[in-house]
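Residues 2 to 89 in my numbering are what the sequence shown spells out, letter by letter.
We put the beta carbon where it would ideally sit given N, CA and C, even for glycine.
Quick caveat, the model's predicted, so the values are computed rather than measured.
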Amino acid sequence: MNKAELIEAVAKRANLSKRDATNAVNAALTTIKTETKKTGVMIVGFGSFQTVKRKARTGRNPQTGATIKIQASKTVRFRPGKAFKKSL
């Protein structure tokens with residue numbers, strides 16, 4: 002499902018116009034992005050988003066076999082909640 006399909010599904014389920022559904026989805030995604038940077042987001046029954054730091058490490062180029070240095074970075078981790086796991 003892409004963003005346009007998500008907006009359409011939200012519009013149908015919530016009886017909203019596409020414009021209102023677009024605004025709602027965009028606001029939710031923007032809020033999740035912003036708050037994940039600050040403290041993390043936990044939605045009970047769905048899951049949690051957290052910012053995680055990765056340490057610098059060495060890797061290997063699969064084509065040449067040469068050793069390379071991979072810099073430290075930040076990424077986002079999603080952990081599904083119990084109710085979400087059970088629904089799968």
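1. Note down, in chain order, each residue of its chain lying with its Cβ closer than 8 Å to the Cβ of V77, except the 5 sequence neighbours on either side.
2. Can you say whether V42 is buried or exposed, counting buried as having 16 or more other CB atoms within 10 angstroms of its CB?
3. Alpha carbons only, please: which of S18, T40, K4 and K87 is nearest the one belonging to L30?
4. Quick check on V77: does DSSP put it in helix, strand or coil?
5. Hey, would you say I8 sits closer than 7 Å to A22, going by beta carbons?
6. Consult DSSP for K54 and reduce its assignment to one of helix, strand or coil.
7. Note the first and the last residue of the continuous beta strand (DSSP E) segment covering V42.
This is what the structure holds:
1. As a position in the sequence shown, residue 77 is number 76, starting the count at 1. Same-chain partners within the cutoff: T37, F50, Q51, T52 and V53.
2. Counting from 1 along the sequence shown, the entry for residue 42 is found at position 41. So V42 ends up on the buried side.
3. The sequence position of residue 30 within the sequence shown is 29, counting from 1. Here the closest residue by C-alpha is K4.
4. Start at 1 with the first residue of the sequence shown, and residue 77 comes out as number 76. Here V77 sits in strand by DSSP.
5. Residue mapping note: residue 8 aligns to position 7 of the sequence shown, counting from 1. Residue mapping note: residue 22 aligns to position 21 of the sequence shown, counting from 1. Yes; because the gap between Cβ atoms is below 7 Å, this pair is in contact.
6. Counting from 1 along the sequence shown, the entry for residue 54 is found at position 53. Of the three classes helix, strand and coil, the one that applies to K54 here is strand, per DSSP.
7. Working through the sequence shown from its first residue, we reach residue 42 at position 41. Its beta strand (DSSP E) spans residues V42 to I44.
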